[in-house]
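I have placed the structure first, in the form of C-alpha coordinates, so that the comments after it can refer back to it.
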Amino acid sequence: MIDAARTHEHLPNANDSTAHAASALFSTRYPASNDDESGIWAQRLNAESAIHAARTKRTAQDGVPLPAGMLALNSLRAPARLFCIHPGYGLVAEYCHLAQTLNGVATVYAIQSPMFSDSEWTAPSFEALAANYVERMRAVQPQGPYRMLGWSFGGRVAVAMAAYLESLGESADLVGLGDTASHFTLPSSTRGARSGVHTGQSAESDAPAAAAGGFDRALQLAMRVDAHHVDLIRAHTLPHIASPITMWRASQSEEGPERRLDWAHHTAGGYRETLVEASHSNILRQTVLHDDLRNWFESRR
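With this note's numbering applied, the sequence shown corresponds to residues 5 to 305, in that order.
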(Lines of atoms letter the chains of each structure in order from A and count residues from 1; the text may use other names and numbers.)
(Lines give C-alpha, C1' and ligand atoms only; values in the text may rest on other atoms or scores of the structure.)
Protein backbone atom coordinates (compact mmCIF):
# COMPACT_ATOMS: atom_id res chain seq x y z
CA MET A 1 0.00 0.00 0.00
CA ILE A 2 1.37 3.41 -0.95
CA ASP A 3 1.40 5.95 1.84
CA ALA A 4 0.65 9.21 0.05
CA ALA A 5 1.83 11.26 3.02
CA ARG A 6 5.29 9.78 3.40
CA THR A 7 8.22 12.10 2.89
CA HIS A 8 10.83 11.79 0.20
CA GLU A 9 13.50 10.71 2.69
CA HIS A 10 11.84 7.28 2.89
CA LEU A 11 11.75 6.61 -0.82
CA PRO A 12 14.00 3.88 -2.23
CA ASN A 13 16.96 5.20 -4.17
CA ALA A 14 19.15 3.95 -6.96
CA ASN A 15 21.45 2.11 -4.57
CA ASP A 16 18.70 -0.16 -3.26
CA SER A 17 17.95 -3.69 -4.45
CA THR A 18 15.01 -2.35 -6.47
CA ALA A 19 17.43 -0.54 -8.75
CA HIS A 20 19.43 -3.75 -9.16
CA ALA A 21 16.29 -5.52 -10.33
CA ALA A 22 15.74 -2.87 -12.99
CA SER A 23 19.38 -3.11 -14.05
CA ALA A 24 19.03 -6.86 -14.54
CA LEU A 25 15.90 -6.38 -16.63
CA PHE A 26 17.53 -3.80 -18.90
CA SER A 27 21.01 -5.28 -19.15
CA THR A 28 20.51 -7.17 -22.42
CA ARG A 29 20.39 -5.87 -25.96
CA TYR A 30 17.61 -7.56 -27.92
CA PRO A 31 17.56 -8.21 -31.70
CA ALA A 32 15.44 -5.55 -33.41
CA SER A 33 15.77 -6.44 -37.07
CA ASN A 34 12.03 -6.71 -37.77
CA ASP A 35 9.50 -3.92 -38.23
CA ASP A 36 6.70 -5.96 -36.65
CA GLU A 37 5.46 -5.57 -33.07
CA SER A 38 8.28 -7.72 -31.73
CA GLY A 39 10.86 -5.47 -33.39
CA ILE A 40 9.19 -2.31 -32.11
CA TRP A 41 9.24 -3.63 -28.57
CA ALA A 42 12.87 -4.69 -28.91
CA GLN A 43 13.72 -1.11 -29.93
CA ARG A 44 11.84 0.26 -26.92
CA LEU A 45 13.56 -2.09 -24.49
CA ASN A 46 16.99 -1.44 -26.01
CA ALA A 47 16.46 2.32 -25.69
CA GLU A 48 15.45 1.85 -22.05
CA SER A 49 18.58 -0.25 -21.49
CA ALA A 50 20.73 2.59 -22.82
CA ILE A 51 19.20 4.96 -20.27
CA HIS A 52 19.91 2.55 -17.42
CA ALA A 53 23.50 2.10 -18.61
CA ALA A 54 24.03 5.86 -18.28
CA ARG A 55 22.23 6.09 -14.95
CA THR A 56 25.23 5.17 -12.82
CA LYS A 57 26.94 8.36 -14.03
CA ARG A 58 24.07 10.61 -12.98
CA THR A 59 22.76 11.58 -9.56
CA ALA A 60 20.59 14.41 -8.33
CA GLN A 61 22.21 17.84 -8.46
CA ASP A 62 23.00 17.80 -4.73
CA GLY A 63 24.85 14.50 -5.10
CA VAL A 64 22.08 12.38 -3.58
CA PRO A 65 21.18 9.28 -5.63
CA LEU A 66 17.96 9.57 -7.58
CA PRO A 67 14.91 7.67 -6.31
CA ALA A 68 14.33 4.28 -7.90
CA GLY A 69 12.55 4.71 -11.21
CA MET A 70 13.68 8.34 -11.61
CA LEU A 71 15.99 8.61 -14.62
CA ALA A 72 17.96 11.68 -15.72
CA LEU A 73 17.97 11.86 -19.53
CA ASN A 74 20.39 14.74 -20.10
CA SER A 75 22.82 17.07 -18.31
CA LEU A 76 22.16 17.74 -14.64
CA ARG A 77 23.68 21.23 -14.88
CA ALA A 78 20.74 22.96 -16.55
CA PRO A 79 19.06 25.84 -14.67
CA ALA A 80 15.58 24.25 -14.76
CA ARG A 81 13.95 20.83 -14.47
CA LEU A 82 11.22 19.03 -16.40
CA PHE A 83 9.67 15.86 -14.97
CA CYS A 84 8.25 13.48 -17.57
CA ILE A 85 5.81 10.70 -16.72
CA HIS A 86 5.72 7.33 -18.46
CA PRO A 87 2.90 6.26 -20.81
CA GLY A 88 0.67 3.28 -20.05
CA TYR A 89 3.31 0.63 -20.66
CA GLY A 90 5.63 2.27 -18.14
CA LEU A 91 8.83 2.96 -20.11
CA VAL A 92 10.35 6.40 -20.70
CA ALA A 93 12.91 6.20 -23.52
CA GLU A 94 10.57 8.06 -25.88
CA TYR A 95 11.44 11.24 -23.98
CA CYS A 96 15.12 11.00 -25.01
CA HIS A 97 14.53 12.98 -28.21
CA LEU A 98 13.09 15.88 -26.22
CA ALA A 99 15.91 15.61 -23.68
CA GLN A 100 18.48 16.20 -26.41
CA THR A 101 16.75 19.42 -27.45
CA LEU A 102 16.50 20.65 -23.86
CA ASN A 103 20.08 19.74 -22.93
CA GLY A 104 21.55 22.71 -21.07
CA VAL A 105 18.14 24.39 -20.90
CA ALA A 106 16.29 22.00 -18.59
CA THR A 107 17.31 18.74 -16.98
CA VAL A 108 14.80 16.14 -18.09
CA TYR A 109 13.93 13.61 -15.41
CA ALA A 110 11.71 10.72 -16.44
CA ILE A 111 9.59 8.71 -14.02
CA GLN A 112 9.51 5.06 -15.07
CA SER A 113 6.88 2.73 -13.63
CA PRO A 114 8.10 1.36 -10.27
CA MET A 115 6.89 -2.07 -11.42
CA PHE A 116 10.06 -2.41 -13.50
CA SER A 117 12.14 -2.10 -10.32
CA ASP A 118 9.77 -4.22 -8.23
CA SER A 119 7.38 -6.42 -10.20
CA GLU A 120 5.17 -6.84 -7.11
CA TRP A 121 4.68 -3.07 -6.70
CA THR A 122 1.17 -1.79 -7.33
CA ALA A 123 -0.77 1.35 -6.48
CA PRO A 124 -4.08 1.05 -4.60
CA SER A 125 -5.57 3.93 -6.59
CA PHE A 126 -4.80 6.41 -9.34
CA GLU A 127 -4.54 9.19 -6.76
CA ALA A 128 -2.06 7.16 -4.70
CA LEU A 129 0.03 6.57 -7.82
CA ALA A 130 0.15 10.32 -8.47
CA ALA A 131 1.02 11.06 -4.84
CA ASN A 132 3.84 8.52 -4.90
CA TYR A 133 5.28 10.07 -8.05
CA VAL A 134 5.07 13.54 -6.50
CA GLU A 135 7.16 12.35 -3.56
CA ARG A 136 9.74 10.90 -5.94
CA MET A 137 9.80 14.23 -7.76
CA ARG A 138 10.16 16.17 -4.50
CA ALA A 139 13.17 14.02 -3.60
CA VAL A 140 14.89 15.75 -6.52
CA GLN A 141 13.20 19.16 -6.23
CA PRO A 142 11.79 19.80 -2.73
CA GLN A 143 9.87 22.96 -3.66
CA GLY A 144 7.92 24.27 -6.64
CA PRO A 145 6.96 25.56 -8.99
CA TYR A 146 7.07 22.21 -10.79
CA ARG A 147 7.13 21.54 -14.52
CA MET A 148 5.69 18.26 -15.76
CA LEU A 149 5.01 16.58 -19.09
CA GLY A 150 3.08 13.39 -19.68
CA TRP A 151 2.57 11.51 -22.92
CA SER A 152 -0.67 9.55 -23.32
CA PHE A 153 -1.49 7.96 -19.94
CA GLY A 154 1.34 10.02 -18.45
CA GLY A 155 -0.58 13.23 -19.12
CA ARG A 156 -3.46 12.05 -16.98
CA VAL A 157 -0.98 11.25 -14.22
CA ALA A 158 0.58 14.72 -14.56
CA VAL A 159 -2.82 16.34 -13.99
CA ALA A 160 -3.40 14.17 -10.91
CA MET A 161 0.09 15.06 -9.67
CA ALA A 162 -0.72 18.75 -10.07
CA ALA A 163 -3.87 18.25 -8.01
CA TYR A 164 -1.89 16.55 -5.26
CA LEU A 165 0.77 19.28 -5.31
CA GLU A 166 -1.94 21.90 -4.92
CA SER A 167 -3.33 20.03 -1.91
CA LEU A 168 0.14 20.40 -0.34
CA GLY A 169 0.21 24.13 -1.01
CA GLU A 170 2.66 23.72 -3.91
CA SER A 171 2.24 24.85 -7.50
CA ALA A 172 2.92 23.64 -11.03
CA ASP A 173 3.34 26.26 -13.73
CA LEU A 174 3.62 23.71 -16.54
CA VAL A 175 1.36 20.67 -16.87
CA GLY A 176 2.07 19.46 -20.39
CA LEU A 177 0.03 16.75 -22.11
CA GLY A 178 1.20 14.83 -25.15
CA ASP A 179 -1.99 13.81 -26.98
CA THR A 180 -3.65 12.64 -23.76
CA ALA A 181 -7.34 11.76 -23.92
CA SER A 182 -9.52 13.08 -21.13
CA HIS A 183 -12.41 10.74 -21.92
CA PHE A 184 -12.29 7.41 -23.73
CA THR A 185 -13.88 3.98 -23.80
CA LEU A 186 -11.99 1.40 -21.78
CA PRO A 187 -11.83 -2.25 -22.86
CA SER A 188 -14.23 -4.59 -21.08
CA SER A 189 -11.28 -6.39 -19.53
CA THR A 190 -7.58 -5.64 -19.21
CA ARG A 191 -6.67 -9.31 -19.36
CA GLY A 192 -4.90 -9.98 -22.64
CA ALA A 193 -5.56 -6.50 -23.99
CA ARG A 194 -4.23 -2.99 -23.76
CA SER A 195 -6.06 0.30 -23.77
CA GLY A 196 -6.12 2.14 -27.08
CA VAL A 197 -5.30 5.37 -25.27
CA HIS A 198 -1.84 4.01 -24.56
CA THR A 199 -0.73 2.14 -27.67
CA GLY A 200 -3.75 0.62 -29.31
CA GLN A 201 -2.08 -2.79 -29.52
CA SER A 202 -2.87 -6.19 -28.06
CA ALA A 203 -0.71 -8.06 -25.59
CA GLU A 204 -1.97 -11.34 -27.05
CA SER A 205 -0.68 -10.46 -30.51
CA ASP A 206 2.73 -9.41 -29.16
CA ALA A 207 3.47 -12.41 -26.98
CA PRO A 208 3.72 -15.15 -29.64
CA ALA A 209 6.14 -13.05 -31.67
CA ALA A 210 8.36 -12.17 -28.73
CA ALA A 211 11.68 -13.91 -28.29
CA ALA A 212 12.08 -16.29 -25.37
CA GLY A 213 13.95 -15.50 -22.17
CA GLY A 214 14.58 -11.99 -20.91
CA PHE A 215 12.84 -10.29 -23.81
CA ASP A 216 9.66 -12.23 -23.24
CA ARG A 217 9.75 -11.51 -19.49
CA ALA A 218 10.28 -7.80 -20.08
CA LEU A 219 7.51 -7.69 -22.66
CA GLN A 220 5.03 -9.49 -20.43
CA LEU A 221 5.89 -7.17 -17.55
CA ALA A 222 5.16 -4.16 -19.77
CA MET A 223 1.78 -5.72 -20.59
CA ARG A 224 1.07 -6.21 -16.89
CA VAL A 225 2.08 -2.62 -16.13
CA ASP A 226 -0.30 -1.36 -18.80
CA ALA A 227 -3.16 -3.54 -17.52
CA HIS A 228 -2.63 -2.25 -13.98
CA HIS A 229 -2.84 1.34 -15.18
CA VAL A 230 -6.08 0.64 -17.05
CA ASP A 231 -7.53 -0.80 -13.84
CA LEU A 232 -6.55 2.37 -11.96
CA ILE A 233 -8.24 4.57 -14.56
CA ARG A 234 -11.54 2.72 -14.11
CA ALA A 235 -12.00 4.18 -10.63
CA HIS A 236 -10.42 7.57 -11.32
CA THR A 237 -12.29 10.86 -11.61
CA LEU A 238 -10.47 13.71 -13.32
CA PRO A 239 -9.67 16.54 -10.90
CA HIS A 240 -10.11 20.24 -11.52
CA ILE A 241 -6.76 22.00 -11.03
CA ALA A 242 -5.58 25.58 -10.65
CA SER A 243 -2.45 24.94 -12.70
CA PRO A 244 -2.41 25.80 -16.42
CA ILE A 245 -2.60 22.94 -18.90
CA THR A 246 -0.75 22.85 -22.22
CA MET A 247 -1.83 20.25 -24.78
CA TRP A 248 0.05 19.05 -27.85
CA ARG A 249 -2.59 17.28 -29.91
CA ALA A 250 -1.58 14.78 -32.62
CA SER A 251 -3.32 15.56 -35.91
CA GLN A 252 -3.45 11.89 -36.89
CA SER A 253 -5.11 10.68 -33.69
CA GLU A 254 -8.73 9.68 -33.83
CA GLU A 255 -11.20 11.80 -31.90
CA GLY A 256 -14.90 11.30 -31.40
CA PRO A 257 -17.48 10.19 -28.84
CA GLU A 258 -15.22 7.34 -27.71
CA ARG A 259 -12.06 9.48 -27.40
CA ARG A 260 -12.10 13.15 -26.42
CA LEU A 261 -9.37 15.61 -25.46
CA ASP A 262 -11.49 17.91 -23.34
CA TRP A 263 -9.02 19.31 -20.82
CA ALA A 264 -10.05 22.97 -20.91
CA HIS A 265 -12.85 22.22 -18.45
CA HIS A 266 -10.43 20.74 -15.91
CA THR A 267 -8.26 23.78 -15.23
CA ALA A 268 -8.81 27.24 -13.81
CA GLY A 269 -5.30 28.31 -14.78
CA GLY A 270 -5.71 28.59 -18.53
CA TYR A 271 -5.54 26.12 -21.38
CA ARG A 272 -3.36 26.24 -24.49
CA GLU A 273 -3.41 23.73 -27.32
CA THR A 274 -1.08 23.17 -30.28
CA LEU A 275 -1.95 20.87 -33.18
CA VAL A 276 1.09 18.82 -34.19
CA GLU A 277 1.44 17.00 -37.50
CA ALA A 278 2.07 13.63 -35.92
CA SER A 279 0.55 10.36 -34.80
CA HIS A 280 -0.11 9.51 -31.19
CA SER A 281 2.91 7.20 -31.14
CA ASN A 282 5.48 9.68 -32.50
CA ILE A 283 4.32 13.04 -31.15
CA LEU A 284 7.20 13.23 -28.65
CA ARG A 285 9.67 13.18 -31.53
CA GLN A 286 8.30 16.28 -33.23
CA THR A 287 10.30 19.51 -33.53
CA VAL A 288 7.22 21.64 -32.86
CA LEU A 289 6.81 20.17 -29.39
CA HIS A 290 10.55 20.35 -28.70
CA ASP A 291 10.80 23.99 -29.76
CA ASP A 292 7.69 24.96 -27.81
CA LEU A 293 9.17 23.60 -24.61
CA ARG A 294 12.63 25.03 -25.25
CA ASN A 295 11.14 28.47 -25.86
CA TRP A 296 8.97 28.15 -22.76
CA PHE A 297 11.96 27.46 -20.53
CA GLU A 298 14.20 30.06 -22.16
CA SER A 299 11.55 32.75 -21.73
CA ARG A 300 11.61 32.13 -17.97
CA ARG A 301 15.33 32.40 -17.41
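Ideal Cβ positions, reconstructed from N, Cα and C, are used throughout, including at glycine.
- In terms of Cβ geometry, Arg140 and Met74 form a close pair [threshold 8 Å].
- Between Ser186 and His240, the alpha-carbon positions lie close to 11 Å from each other.
- Contact between the segment 255 to 274 and the segment 111 to 122 is not established, with fewer than three Cβ pairs separated by less than 8 Å.
- Counted as a single uninterrupted DSSP element, the beta strand (DSSP E) harbouring Val112 occupies residues Thr111 to Ile115.
- Taking every protein chain shown into account, the CB of Arg151 has 16 or more other CB atoms within 10 angstroms, so this residue is buried.
- Contact annotation, Ala166 with Ser247: C-beta distance approximately 4 Å; criterion of less than 8 Å satisfied.
- His244 sits away from Ala268, with the two beta carbons spaced by 8 Å or more.
- The DSSP assignment places 85 to 89 as complete runs of the beta strand (DSSP E) inside the segment 80 to 110, in order along the chain (cut-off: 3 residues).
- Annotation: the continuous beta strand (DSSP E) that includes Met251 extends over Ile249 to Ala254.
- Burial is judged here by how many other beta carbons sit within 10 angstroms of a residue's own beta carbon; Thr291 has fewer than 16 and is exposed.
- C-alpha of Arg221 to C-alpha of Tyr93: approximately 14 Å in a straight line.
- For Trp155, no alpha helix (DSSP H) encloses it; the enclosing beta strand (DSSP E) starts and ends at Tyr150 to Trp155.
- The beta carbon of Phe301 sits closer than 6 Å to those of Ala84, Val109 and Ala110, all from its chain and outside the five residues before and after it, given in chain order.
- The beta carbons of Ile89 and Tyr168 sit no closer together than 8 Å.
- Excluding sequence positions up to five before and after Ala254, its CB lies within less than 7 Å of the CB of Asp183, Val280, Ala282, Ser283, His284 and Ile287, all in the same chain and listed in chain order.
- Here Leu172 carries a coil assignment [DSSP, helix/strand/coil].
- Note on Gly154: 16 or more other CB atoms within 10 angstroms of its CB, so buried under the neighbour-count rule.
- Under the three-state reduction of DSSP, His240 is assigned to coil, being neither helix nor strand.
- Note on geometry: alpha-carbon atoms of Met251 and Ala164 lie some 15 Å from one another.
- Going by DSSP, Ala246 is part of no beta strand (DSSP E) at all; its letter is neither H nor E.
- If you draw a straight line from the Cα of Gly43 to the Cα of Gln224, it is about 15 Å long.
- By the beta-carbon neighbour count (other beta carbons within 10 angstroms, threshold 16), Asp266 is exposed.
- In the structure shown, the three-state DSSP call for Thr291 is helix.
- DSSP places Leu265 in the coil class of the three-state scheme, outside both helix and strand.
- Distance from the Cα of Leu95 is smallest, within the candidate group Ser175, Leu80 and Phe30, for Phe30.
- Just measuring C-alpha positions, the residue of Pro149, Thr189, Phe157 and Asn107 sitting nearest Ala176 is Pro149.
- For Leu133, the enclosing alpha helix (DSSP H) stretches over residues Phe130 to Val144.
- Around the C-beta of Asn78, 16 or more other C-beta atoms lie within 10 Å, and the residue is accordingly described as buried.
- Close CB contacts of Ala82 within its chain, under the 8 Å cut and outside five residues either way in sequence, are with Leu106, Asn107, Gly108, Val109, Ala110 and Thr111 (chain order).
- Between Tyr275 and the set His101, Leu181 and Leu70, the nearest pair of CA atoms involves Leu181.
- In this structure, Leu133 sits near Leu236, with a CB-CB distance shorter than 8 Å.
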